[in-house]
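Residue numbers (our numbering), protein chains in the order written: chain P, 7 to 304; chain C, 1255 to 1672. Quick reminder that beta carbons are idealized off the backbone N, C-alpha and C, glycines included. First the structure, in the form of structure tokens, and then the observations on it.
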């Protein structure tokens, strides 16, 4: 886990007077699913464009697999931008072939891999259709395929699930997880925190052109946890005492906060004497809570 | 390089396969042929032999009237004359020429064609002049000897001192045609490049593509691809026009061709002498050069305009300054042809933005080599400059959505780092 697929060191990018990225540092571990989070206009798109070498930073260092980022890395990266589209008048198969070849695949290789993926996602009969005949969700599937077709080492998805119905979103999510299992590193930018929770291993939170939070999800959650616990009883009423306060209650579930210095073991023992405990866990903040807290705190 | 080739291929194939391209390619030559053939056919149809009935009591002048092409004279008797005059109802005669006491009257039951009247007048004048001279005591031989026929030959003395014949009409024709063709080509295909750029921007495929290739590669691939489309269409037009017109000529104008073939060698000789003063090879090569480099210079700017806007309706403001020099050179074709060596002609044929059209207009009249070389050099420099400028605007513009930028903002883009 020590090796990183991508490192940005002190990266700054300015458009005129507008600072898009201000001295940003990011490390994306090999094989991780890296959530790139942040409010609108935080600089996420700029960072993704820099990784794709669509734009270059004003200052800072960029490394891909330990090497200074250069054009030879282009075929090793796959990018699904948020603003994505296809040539409407072109046929699906022809267009997929064109885009795959632009990524450096040979014609033979491209056609073979495309056929494999078209079969896998069950869309072979679209091959000769024009893109304008497809629905938005259908076009999104094509875009997903052309993003991953050249088997890049790093995949960058910007809002990959937008435009998909829940069934197709699940299909695409499973494909992303499958690619991750095969060792592909993935950068995943979204505003949907529940999907971050679901699939990301690491995150970075960018706000006002700066990284304000980064690291593995588990350690970030630890950092943001407050000392509250969730206890569900079979029956009965828990009342506050000198050991703990009750913050909230919903049916038989109580949220408690220990008073100063009281260890959770002592509290648990005391409750266990009186009641039947069904479940007990430390409350961890959701990514949504963390996001809002971190951004507002800045 | 490989990727540019892929882009060129796509841009070319997508356009060449379009229905509008195929229709245009077939319809345009048909129109051209129709434009060439129709007037000829019409003219041939209306040109029929006309038989003029002539009546003169003494038959002094009437007997001297000579038949000429499409115009025949027949001296008629008094009865026939009186019958015709009272009721001109004849399928045989076109008109009746009545000669009486130096008064010449043409009778007919229809409006008499101007050409016919003129021809008769010319003939009568010639006869009367001869008669008058004879009456003044000058013999026929003297008159014959005095007749002269003059044709002024124009020749151009080139730099190496050889004189070649020239023909202003042919030069004008060639200059005009090539100037107009370049103008149309740049406009048509420049706009095509611009539309292509806007299309990629509005359907949002642009970001996907430039994560694989450099914006410059995409821009140049598009420009070159469209240039090849233009060349294809051009070659097809010329080819189809030639084939169609020769087929139609063979089918409908067979007789005329046969008649003409007798004079063929004569005509060929004349055509050769027309072109004698014009360096055809130089004109063809220059045409190709101005055609291509002129297009490249302008299409880069058209691409930059396309990248700066979100929709074609927003392009007006930016298109105008680009097209002004083009339209200006189009308007000035006429005055330049009247004075192909003036200082206006010189400057406009050297400045890159107007030189593609204006130099082609001047070239058939003869242009010193140094001027041609200077114009070409400046055009290449101009093309490199506009391409450099356009690529700077393009790479920023294609990723900008929303508000239409001002000129000031666009100038700022040029200074952005990559």
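{"query": "Neighbour flag for residue 1405(C) against chain P, beta carbons, 8 Å", "result": "no"}
{"query": "Cβ contact (3+ pairs, closer than 8 Å) linking the region 1544-1554 of chain C and the region 1434-1448 of chain C", "result": "yes"}
{"query": "Short CB-CB distance (under 8 Å) between residue 105(P) and chain D", "result": "Within the model displayed, chain D is absent; protein chains P and C are what it includes."}
{"query": "Boundaries (first-last residue) of the alpha helix (DSSP H) holding residue 1650(C)", "result": "1623-1651"}
{"query": "Residue from 1639(C), 1608(C) and 1603(C) whose Cα sits closest to the Cα of residue 1624(C)", "result": "1603(C)"}
{"query": "Chain C within 8 Å of residue 198(P), Cβ atoms only", "result": "no"}
{"query": "The region 1313-1327 of chain C in contact with the region 1380-1388 of chain C per 3-pair CB rule at 8 Å", "result": "yes"}
{"query": "DSSP-derived helix/strand/coil call for residue 1618(C)", "result": "helix"}
{"query": "Beta carbon proximity, residue 80(P) to chain C, threshold 8 Å", "result": "yes"}
{"query": "Bounding residues of the beta strand (DSSP E) (the contiguous stretch that carries residue 20(P))", "result": "10-21"}
{"query": "Bounding residues of the beta strand (DSSP E) (the contiguous stretch that carries residue 217(P))", "result": "216-222"}
{"query": "Cβ neighbour criterion (16 or more within 10 Å) applied to residue 220(P)", "result": "buried"}
{"query": "From 292(P), 248(P) and 11(P), residue whose alpha carbon lies closest to that of residue 198(P)", "result": "292(P)"}
{"query": "DSSP beta-bridge partners of residue 1339(C)", "result": "For residue 1339(C), which the question treats as bridged, DSSP gives no partner whatsoever."}
{"query": "Alpha carbon of residue 1587(C) to alpha carbon of residue 1636(C), nearest angstrom", "result": "21 Å"}
{"query": "Minimum Cβ-Cβ distance from residue 49(P) to chain C less than 8 Å", "result": "no"}
{"query": "Within 8 Å of chain P by C-beta, residues of the region 1592-1617 of chain C in sequence order", "result": "none"}
{"query": "Residue range of the beta strand (DSSP E) that includes residue 207(P)", "result": "It is not in any beta strand (DSSP E) - residue 207(P) carries neither H nor E in the DSSP assignment."}
{"query": "Contacts of residue 96(P) in chain C (Cβ-Cβ under 7 Å)", "result": "1268"}
{"query": "Collapsed DSSP secondary structure at residue 266(P) in the structure displayed", "result": "coil"}
{"query": "Given 8 Å, three or more beta-carbon pairs between the region 228-236 of chain P and the region 1274-1288 of chain C", "result": "no"}
{"query": "Where residue 1347(C) falls: helix, strand or coil (DSSP)", "result": "coil"}
{"query": "Chain C contact for residue 22(P) (CB, 8 Å cutoff)", "result": "yes"}
{"query": "Whether residue 191(P) touches residue 36(P) by CB criterion (8 Å)", "result": "yes"}
{"query": "Between the CA atoms of residue 288(P) and residue 282(P) - distance to the nearest angstrom", "result": "18 Å"}
{"query": "Rounded distance between the beta-carbons of residue 34(P) and residue 193(P), thought under 8 Å", "result": "6 Å"}
{"query": "N- and C-terminal bounds of the alpha helix (DSSP H) containing residue 1685(C)", "result": "Residue 1685(C) is absent from the structure shown; chain C starts at 1255 and stops at 1672."}
{"query": "Beta bridge counterpart(s) of residue 213(P) as assigned by DSSP", "result": "216(P)"}
{"query": "Beta strand (DSSP E) segment containing residue 68(P), residue limits", "result": "65-70"}
{"query": "Chain-ordered neighbours of residue 1458(C) on chain P, where CB pairs are closer than 7 Å", "result": "89, 90 and 91"}
{"query": "Counted within 10 angstroms of its Cβ, other Cβ atoms place residue 215(P) as buried (16 or more) or exposed", "result": "buried"}
{"query": "Span of the beta strand (DSSP E), counted from its first residue to its last, around residue 1390(C)", "result": "From DSSP, residue 1390(C) is part of no beta strand (DSSP E); its letter is neither H nor E."}
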